[in-house]
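Undergrad: Numbering (the numbering used here), first residue to last: 1408 to 1525. In this text, a Cβ means the ideal position worked out from N, Cα and C, and glycines have one as well. As the structure is a prediction and not an experimental result, all values here were calculated from the model.
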């Protein structure tokens, strides 16, 4: 069985809990969070990391080196994050929007992602 490579965009409570379980099952986890670029943000993210196997990377690297990209950002940023991620997505990547958004926003995110893969 090959190693599952998962990337989290946004690393709050949901992503930190999910990543802990995924690491325990042998997954390779990479994360990106906008907080990393803000003063004191890297320290906040490091406190959320519950497993040493998690790598903090720039957005592009998270996407390129992951098979599954999980968006776990605040709902108001879901579309903007999808647009930023779409630049790096290839047809073999799976983008999953786990954000608590409306059905309309989910459809818009889907269109953004699908347009990047054609």
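Go through its chain and collect everything with a Cβ distance to residue 1467's Cβ below 6 Å, but skip five positions before and after it.
TA: Numbered from 1 along the chain shown, position 60 holds the residue referred to as residue 1467. Once the five neighbours on either side are set aside, the close Cβ partners of residue 1467 are 1495.
Undergrad: Could you compute how far the alpha carbon of residue 1517 sits from the alpha carbon of residue 1489?
TA: By 1-based counting over the chain shown, the position of residue 1517 is 110. By 1-based counting over the chain shown, the position of residue 1489 is 82. Computed Cα separation, rounded: 9 Å.
Undergrad: Taking 8 Å as the threshold, find out whether the segment 1443-1451 comes into contact with the segment 1468-1482 through three or more Cβ pairs.
TA: no
Undergrad: Hey, which unbroken runs of the alpha helix (DSSP H) at 4 residues or more fall wholly within the segment 1420-1474?
TA: 1420-1431, 1448-1455 and 1466-1471
Undergrad: Could you pull out every unbroken beta strand (DSSP E) segment of at least 3 residues lying fully inside the segment 1479-1525, listed in chain order?
TA: Complete beta strand (DSSP E) runs here, min 3: 1501-1504.
Undergrad: Beta strand (DSSP E) containing residue 1415: first to last residue?
TA: Numbered from its first residue, the chain shown carries residue 1415 at position 8. Here the beta strand (DSSP E) through residue 1415 covers 1412-1416.
Undergrad: If I measure Cβ to Cβ from residue 1443 and keep anything under 8 Å in the same chain, skipping five residues before and after, which residues do I get?
TA: Position 36 of the chain shown, counted from the start, is the residue given in the question as residue 1443. Here the set comprises 1449, 1452 and 1463.
Undergrad: Thinking C-alpha only, which one of 1433, 1432 and 1457 is nearest residue 1418?
TA: The residue labelled residue 1418 in the question sits at position 11 within the chain shown. Looking at the Cα atoms, 1457 is the closest of the given residues.
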